[in-house]
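Contents: one structure, followed by commentary.
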Amino acid sequence: MNEFMAVDTSGEFMRHLYIEEGRTVCASATSRNRRPTSESPHSDDVVVVEGMLRGRPETRVHAMFDGFQGRHSAMWLAQNVMNYLNDLRDVNEEEITRQFERMDGDLRAANLPGGSSALIIFVRYEKKPTEARVVGRQIVPEGAKEFTSVAEALGGPLMPVVAMNFRRDPRAAKGIYTIHVASLGNSRCVLKSGRTAIHLSTPHTASSHKERHRVQAAGGVFTTVNGELLLGGVVPMTRAFGSFDFKKGGQGKLQQDLVSAVPDVTTFFAYPGDDIVAGTEGAFAHFRSHAAIAAAIALYPVSPETVLDAAKAMVVNAKRRKVTKNISTFVRNLPESRTRSQKMLEGTSGENGEEDFSIDRTNELTQALQAGFFSFLLYYP
210 MNEFMAVDTS
220 GEFMRHLYIE
230 EGRTVCASAT
240 SRNRRPTSES
250 PHSDDVVVVE
260 GMLRGRPETR
270 VHAMFDGFQG
280 RHSAMWLAQN
290 VMNYLNDLRD
300 VNEEEITRQF
310 ERMDGDLRAA
320 NLPGGSSALI
330 IFVRYEKKPT
340 EARVVGRQIV
350 PEGAKEFTSV
360 AEALGGPLMP
370 VVAMNFRRDP
380 RAAKGIYTIH
390 VASLGNSRCV
400 LKSGRTAIHL
410 STPHTASSHK
420 ERHRVQAAGG
430 VFTTVNGELL
440 LGGVVPMTRA
450 FGSFDFKKGG
460 QGKLQQDLVS
470 AVPDVTTFFA
480 YPGDDIVAGT
490 EGAFAHFRSH
500 AAIAAAIALY
510 PVSPETVLDA
520 AKAMVVNAKR
530 RKVTKNISTF
540 VRNLPESRTR
550 SQKMLEGTSG
560 ENGEEDFSID
570 RTNELTQALQ
580 AGFFSFLLYY
590 P
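Position 318, counted from 1, in the sequence shown is what the working numbering calls 527; the numbers after and before it change by one each time, with no gaps.
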C-alpha cells in the first residue's frame, strides 16, 4: 500500500489493478466511496483480480467478495479461496458446491464476525469446441432433468434448448471461452457481446421471489432498513458465506437455513472478442431493473485497450448515481489470440478516473506465472 492511499479518508479515490498475459486482459477498480462506519471503517470489498490453478494452464479465476458487518469474512475468503479451488477435481456444480461447503465450515471455525457475498468466475479457452445443448449462450449441464436459465430466472421469456455444433459455427473458428460462474449474494456478472449484454448470474436478495419464499418458509423475517429489505434487519442477502446466526443447520445447506451457502453455478460460452463485466452490489445500485443494468453495460466501449477505463468508468458512474456503498468492478476482454506481452500495473485514480499514482508489478506476475499457482488481490485500505 503506498503512502497516498494510507492517508486518503475522503472515499473520493479508487485503486485499480490491470493484468495482461496469455489470453487474459483484465482490470479491476475499487472505491471505499462514502461508506465508512464505526462498525466497518474500511471498504468491505475484496477482489481476486486474477488467479491461476495448478494443473489448469488454460483456466483463470476471478472473484469478488463483498463483506457485511465488517470485511473480516471477505478478506479471509479472498486470501484463502484459491487453496480450496485448487482441490477441485473438475470445474462443475457438484465440485464447486463441495468446496463452498468446506470454505463456509472453515470460516465458521475461524470465528469471524459478519459474512460475505461471493462471485467466482472461471474462464477457460477451448481451441476446438465440439457440441453442447444451450439456451442462448447458457450451456445446459449434461444429464440435467430440470433446468431454468438465468434469463428466465430474471423474468425473461422461456427459451428452447437447442443443440449447438461449434464445428459448424464460423464465430467459433478461433475457439470459444467457457465461463463458469458460482455466486452467493448480490454481486453480478454480465457477458458483453457487441451491443448485447447477457446476465450470467442472479442476485440472492429479498427482491427475488424464489429466495424470499424460501427464507420466509423457513421462518425468516425481512425488515426494511434505510429503504433496503434486510433479513433479520441485518443481512442484505439470502445466500452468503458466514452469518452463522442464520444457519440453523450450521453449514447453510439445509432447508431450514435462512442464509444458504449453496451457490448458483451457471455455465456459458463466449466468442473471442466478447467481454466479461462484473461488480459488487455498489456497482449496480440504483438501477431499477435487470434490463436497465444490461442496457447500461451494453453501451460501455470495451476492448483490450480499454478494460481499465471501463472498470474505472463503472465506479465513476455509480458515484454519479449517488451510490454510497463500497464499489468494486471487474472487466475482462476475451481476446482472439494469445498476447506475448506480460504486464501488471497497480495505481490510484481520482474521483473522475484520472490516474494519480502507478507502480509496475510485472516482475511479480512473471514469477507467479512461472510458479503456476497464484492470486492477485485488490482492496481499499
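All C-beta atoms in this analysis are idealised placements derived from N, C-alpha and C, irrespective of residue type, glycine included.
Is it the case that the Cβ atoms of residue i and residue j are separated by a distance below 8 Å?
| i | j | result |
| --- | --- | --- |
| residue 282 | residue 450 | yes |
| residue 393 | residue 448 | yes |
| residue 490 | residue 396 | yes |
| residue 408 | residue 499 | yes |
| residue 239 | residue 256 | yes |
| residue 540 | residue 486 | yes |
| residue 302 | residue 559 | no |
| residue 332 | residue 386 | yes |
| residue 434 | residue 441 | no |
| residue 252 | residue 286 | no |
| residue 226 | residue 564 | no |
| residue 444 | residue 277 | yes |
| residue 590 | residue 545 | no |
| residue 479 | residue 586 | no |
| residue 295 | residue 582 | yes |
| residue 507 | residue 404 | yes |
Would you mind giving the Cβ-Cβ distance between residue i and residue j, rounded to the nearest angstrom? I have them listed as a contact below 8 Å.
| i | j | result |
| --- | --- | --- |
| residue 290 | residue 319 | About 14 Å separates the two Cβ atoms, so there is no contact after all. |
| residue 557 | residue 224 | 6 Å |
| residue 578 | residue 483 | That pair is no contact at about 24 Å. |
| residue 505 | residue 466 | Actually they are not in contact, since the Cβ atoms of residue 505 and residue 466 sit about 34 Å apart, beyond 8 Å. |
| residue 254 | residue 572 | Not confirmed; about 27 Å, so no contact. |
| residue 242 | residue 533 | 6 Å |
| residue 233 | residue 269 | 5 Å |
| residue 260 | residue 584 | 4 Å |
| residue 311 | residue 304 | Actually they do not touch by this definition, with Cβ atoms about 11 Å apart. |
| residue 389 | residue 300 | 5 Å |
| residue 323 | residue 452 | 7 Å |
Measuring alpha carbon to alpha carbon, tell me which of the options ends up nearest residue i.
| i | options | result |
| --- | --- | --- |
| residue 553 | 360, 328, 403 and 570 | 570 |
| residue 275 | 296, 389, 492 and 417 | 492 |
| residue 523 | 367, 227, 586 and 538 | 538 |
| residue 341 | 372, 327, 328 and 335 | 372 |
| residue 425 | 469, 383 and 434 | 469 |
| residue 338 | 481, 381, 562 and 446 | 381 |
| residue 327 | 471, 530, 508 and 527 | 471 |
| residue 547 | 420, 509, 527 and 384 | 384 |
| residue 365 | 221, 344, 375 and 378 | 344 |
| residue 402 | 586, 588 and 509 | 509 |
| residue 477 | 419, 429, 497 and 406 | 406 |
| residue 502 | 296, 514, 515 and 526 | 526 |
| residue 580 | 235, 229, 228 and 266 | 266 |
| residue 330 | 446, 375, 235 and 497 | 235 |
| residue 417 | 446, 378 and 568 | 446 |
| residue 376 | 336, 398, 515 and 531 | 336 |
| residue 231 | 588, 513 and 529 | 513 |
| residue 370 | 379, 378 and 355 | 355 |
| residue 588 | 531, 284 and 228 | 284 |
| residue 419 | 363, 488 and 288 | 363 |
| residue 398 | 379, 529 and 488 | 488 |
Is it the case that the stretch 512-520 contacts the stretch 444-458, given that we only count it when at least three CB pairs across the two stretches are under 8 Å? no
What runs of the alpha helix (DSSP H), each 4 residues or longer, lie entirely inside the stretch 492-536? 499-507 and 516-529
Could you give the uninterrupted runs of the beta strand (DSSP E) lying entirely in the stretch 310-396, keeping only those of 3 residues or more? 327-335, 340-344, 371-374 and 385-393
Three or more C-beta pairs below 8 Å linking the stretch 347-359 and the stretch 319-334: The stretch 347-359 is not in contact with the stretch 319-334.
Counting only runs that start and end within the stretch 428-492, where is the beta strand (DSSP E) found for 3 or more residues in a row? 431-434, 437-440, 473-479 and 484-488
Counting pairs of Cβ atoms below 8 Å between the stretch 339-349 and the stretch 410-423, do you hit three or more? The stretch 339-349, when compared against the stretch 410-423, does not touch it at the 8 Å Cβ threshold.
Within the stretch 231-276, ranges of the beta strand (DSSP E) (whole runs, at least 3 residues): 233-240 and 254-261
What residue ranges within the stretch 540-586 form continuous beta strand (DSSP E) runs of no fewer than 3 residues, ordered along the chain? 548-558 and 564-569
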